[in-house]
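**Student:** Residue numbers (the UniProt record's numbering): 1 to 159.
Here's a structure for you.
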Amino acid sequence: MKPIEFELERTIRAPIEQVFARLVDIEGHNDWMAGTGSMLKHTRQTSPGEPAVGTTFVDETSQGPMPGEIAAMEAPRTIVYHWWERSKSGKLKFEGWPSYHLQPAGDGETLVRHRGKLVSYGMWRLGTPILRRFAVKERTITVDALKASFEQNPGSAPG
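Written as structure tokens, this is what we have:
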């Protein structure tokens with residue numbers, strides 16, 4: 001089966017630098033993702049320093065912990081996360097690459113193109129149609145929460 005790939009688009013009423021800063025602040029996701037119905041319960045950065053390519057994190061989800069890293073970053077336009085889930089025997093079950101591509105949309109707004117890519121392995125590939133629906137729902141919750149975070153706190157940037 002082919003990878004699951006899709007794109008979501010939102011216009012956010014905030015400058016590109018503020019949207020980018022919110023997206024790269026890994027632990028800041030806990031603030032704007034809380035109470036959204038996402039499978040994400042808590043996230044924490046596991047490597048020191050400012051977020052950059054190679055920065056690692058662990059998402060605590062309703063499915064258990066999922067490690068990840070920043071795979072690509074070009075401030076203030078692009079960030080690509082990479083996460084994976086393994087079986088107890090260490091075999092790869094899933095890998096995901098959620099990415100955000102930002103561009104100014106005039107008058108202090110930012111166009112966010114969020115691309116989701118999910119690959120399943122082994123017997124997990126049989127569930128691809130269900131996984132696609134789940135992935136689109138989960139990523140829609142995320143981009144809607146990002147947008148809402150600026151509508152509730154206009155002009156605020158992470159500290």
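For every residue, glycine included, the Cβ atom is placed at its ideal position computed from N, Cα and C.
Helix, strand or coil for SER99, going by three-state DSSP, please let me know.
**Tutor:** Looking at SER99 - three-state DSSP - the assignment turns out to be strand.
**Student:** Quick one: is PHE150 buried, meaning 16 or more other Cβ sit within 10 Å of its Cβ, or exposed?
**Tutor:** Buried is the call here.
**Student:** Where do the N-terminal and C-terminal ends of the beta strand (DSSP E) with GLY67 fall, by residue?
**Tutor:** The sequence shown places Pro at residue 67, rather than the Gly named in the question. It spans 64-74 - the beta strand (DSSP E) in which PRO67 sits, taken as one unbroken run.
**Student:** Look at the alpha carbon of THR110 and the alpha carbon of HIS101, and state the distance between them as a whole number of angstroms.
**Tutor:** Cα to Cα, THR110 sits roughly 10 angstroms from HIS101.
**Student:** So, are the CB atoms of PRO67 and TRP83 less than 9 angstroms apart?
**Tutor:** Yes, they are a contact pair.
**Student:** What whole-angstrom Cβ distance do LYS88 and TRP124 have, given they're in contact under 8 angstroms?
**Tutor:** Actually they do not touch by this definition, with Cβ atoms about 14 angstroms apart.
**Student:** Mark ASP107 as exposed unless 16 or more other C-beta atoms lie within 10 angstroms of its C-beta, in which case mark it buried.
**Tutor:** Answer is exposed; the Cβ neighbour count stays below 16.
**Student:** How is the alpha helix (DSSP H) around GLU27 delimited, first residue to last?
**Tutor:** Taken as a continuous stretch (DSSP letters only), GLU27 belongs to no alpha helix (DSSP H), as it is neither H nor E.
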